[in-house]
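Report on one structure; see the data block that follows.
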Amino acid sequence: MHEFSIVKSLINILNKKCKKEKISEIKKINLKIGILKTIMPESLNFAFEILSKKTKYENTKLIIKIIPVKMKCNECKNNITFNNTFNIHFLCKKCGSTNLNLLCGNELLIDSVEYN
Amino acid sequence: MEKIILSKNILEVNEKDAKKNRKLFKDKNIFVINIMGSPGCGKTTILESLIKLMKKTFKIAVIEGDLSTDKDACRIKKIGIPVVQINTDNIGNACHLNSRMISLAFKSLKQSNIDILFIENIGNLVCPAEFDLGENLRISITSISEGDDKVSKYPPIFYNSDMVLITKTDLLPYFKYNIKQVEKNIEKINPKAKIFKTSVKNKKDIVNLIEAIKDKIISYKSISISNKKLL
Numbered sequence: 267m268h269e270f271s272i273v274k275s276l277i278n279i280l281n282k283k284c285k286k287e288k289i290s291e292i293k294k295i296n297l298k299i300g301i302l303k304t305i306m307p308e309s310l311n312f313a314f315e316i317l318s319k320k321t322k323y324e325n326t327k328l329i330i331k332i333i334p335v336k337m338k339c340n341e342c343k344n345n346i347t348f349n350n351t352f353n354i355h356f357l358c359k360k361c362g363s364t365n366l367n368l369l370c371g372n373e374l375l376i377d378s379v380e381y382n
Numbered sequence: 258m259e260k261i262i263l264s265k266n267i268l269e270v271n272e273k274d275a276k277k278n279r280k281l282f283k284d285k286n287i288f289v290i291n292i293m294g295s296p297g298c299g300k301t302t303i304l305e306s307l308i309k310l311m312k313k314t315f316k317i318a319v320i321e322g323d324l325s326t327d328k329d330a331c332r333i334k335k336i337g338i339p340v341v342q343i344n345t346d347n348i349g350n351a352c353h354l355n356s357r358m359i360s361l362a363f364k365s366l367k368q369s370n371i372d373i374l375f376i377e378n379i380g381n382l383v384c385p386a387e388f389d390l391g392e393n394l395r396i397s398i399t400s401i402s403e404g405d406d407k408v409s410k411y412p413p414i415f416y417n418s419d420m421v422l423i424t425k426t427d428l429l430p431y432f433k434y435n436i437k438q439v440e441k442n443i444e445k446i447n448p449k450a451k452i453f454k455t456s457v458k459n460k461k462d463i464v465n466l467i468e469a470i471k472d473k474i475i476s477y478k479s480i481s482i483s484n485k486k487l488l
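Residue numbers (this note's numbering), protein chains in the order written: chain F, 267 to 382; chain G, 258 to 488.
Okay, structure coming up:
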């Protein structure tokens with residue numbers, strides 16, 4: 267994945283937010299990344315390290331929460347969870363339906379930021 | 258410490274641009290198809306085959322995406338179809354097309370009354386999956402020569418597609434390729450996707466694919482037409 271361009275987008279969004287809320291220093295950025303997004307947290311951290319150097323985000327901590335795939339079967343209401351994409355199967359094992367509702371696992375979100 | 262909840266999608270810029278594209282294409286009644294797959298999987302070749310037969314019925318335009326060169330656009334030009342080439346080597350070697358690039362490329366096409374816009378995405382089995390271009394149909398491709406483990410190794414692009422093509426089936430005798438397993442793998446991660454096994458050497462395969470695309474176009478256009486009737 268192109269973690270560098272994702273970090274650039276992240277920084278653009280945060281710059282706008284900081285300007286609006288008059289925040290001078292962000293201590294923590296809490297991200298939620300679904301496993302379907304094929305983003306490697308190590309690469310994202312590395313990209314952030316490089317792109318935040320000599321900016322106001324230099325000392326900001328990036329906290330990444332990996333979100334598993336959770337689905338609900340629309341037919342029998344069974345809950346299905348996958349913690350990794352290996353062998354992921356969009357099928358309800360209980361009733362065999364493929365009519366599933368994806369509840370989470372596909373996000374790439376800035377959940378929250380913490381500042382002083 | 259203070260905390261602000263943002264719940265902001267990092268890729269929101271592309272999502273907003275995709276929405277704009279979708280509206281523009283809908284207003285102009287253009288059906289847009291995004292073709293994705295690895296470098297060398299057969300995107301341009303199958304596109305050539307589709308266009309040669311479809312151009313009799315539909316007015317077609319193409320947007321080609323590559324890091325470098327206009328080799329693919331030249332191939333499409335030879336068939337007499339309006340085409341524009343996006344090269345991303347001057348914008349940081351972007352590994353995927355995004356909605357903004359499509360919007361600019363479409364403007365430079367300067368074509369009216371297009372029925373179908375084909376977008377041949379950059380050869381890449383990972384990143385294009387994430388970027389909505391404002392398309393109506395997503396086609397992803399896996400070819401015999403790539404090996405039969407690509408669908409299970411690279412789920413997102415296949416999970417996100419409406420149609421999955423298994424191309425170069427004429428090479429089956431020369432490869433250890435479990436095609437039934439590949440179909441099962443596709444069904445596992447995307448039960449709704451329509452699967453097509455194709456060889457451009459077999460006209461029946463192309464005709465079959467065209468019929469399926471035509472069905473999608475007809476339902477799209479009848480929705481657009483019936484929307485217009487309501488106005």
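Backbone N, C-alpha and C fix where the C-beta goes; we use that ideal spot for every residue, glycine too.
Remember, predicted model here, so these are calculated numbers, not experimental data.
Of the residues F:I299, F:I289 and F:L366, the one whose Cα lies closest to the Cα of P334 (chain F) is F:I299. For N291 (chain G), the enclosing beta strand (DSSP E) has its first and last residue at F288 to G294.
DSSP places T302 (chain G) within a helical segment (H, G or I) once states are collapsed to three. One finds P412 in chain G with Cβ atoms closer than 7 Å to the Cβ of T351 (chain F), taken in chain order. Buried is the label assigned to D389 (chain G), since at least 16 other Cβ atoms lie within 10 Å of its Cβ. For T399 (chain G), DSSP records a beta bridge to G:I423. For chain G, none of the residues of the segment 313-330 of chain F brings a beta carbon within less than 7 Å of one of its beta carbons. If the five residues before and after F314 (chain F) are omitted, its C-beta is found closer than 7 Å to the C-beta atoms of V273 and L328, all from its own chain and listed in chain order. At a beta-carbon threshold of 7 Å, the residues of chain G lying near S378 (chain F) are K260, I261, I262 and L263, ordered along the chain. Secondary structure at L375 (chain F): strand, using DSSP grouped into helix, strand and coil. Interface with chain F (8 Å Cβ-Cβ cutoff): L268 (chain G) is included.
Between N311 (chain F) and C339 (chain F), the C-beta gap is not smaller than 8 Å, which leaves the two residues out of contact.
When G:P413, G:I436 and G:K445 are compared, the shortest CA-CA separation from F453 (chain G) is found for G:I436. The residue among F:I346, F:F352, F:E324 and F:N353 with its C-alpha nearest the C-alpha of K359 (chain F) is F:I346.
Pairing I289 (chain F) with L280 (chain F), the inter-Cα distance amounts to about 10 Å. Between C298 (chain G) and T399 (chain G), the CB-CB gap stays under 8 Å.
Look at Y431 (chain G): its C-beta is not under 8 Å from any C-beta on chain F.
Counting only the Cα atoms, L297 (chain F) lies some 15 Å from K283 (chain F). At a C-beta separation below 8 Å, N435 (chain G) has no neighbours in chain F, since its nearest C-beta there lies roughly 16 Å away. Between N278 (chain G) and I359 (chain G), the gap from beta carbon to beta carbon is short of 8 Å. Shortest Cα-Cα distance from T301 (chain G) to any of G:K334, G:I443, G:D284 and G:F315 involves G:K334.
Here the alpha carbons of N350 (chain F) and I336 (chain G) stand approximately 44 Å from one another.
Relative to the Cα of L369 (chain F), the nearest Cα in the group F:N382, F:L302, F:E291 and F:I295 belongs to F:L302. By the C-beta criterion, the segment 465-474 of chain G is judged not to be in contact with the segment 439-449 of chain G, since fewer than 3 inter-stretch pairs fall below 8 Å.
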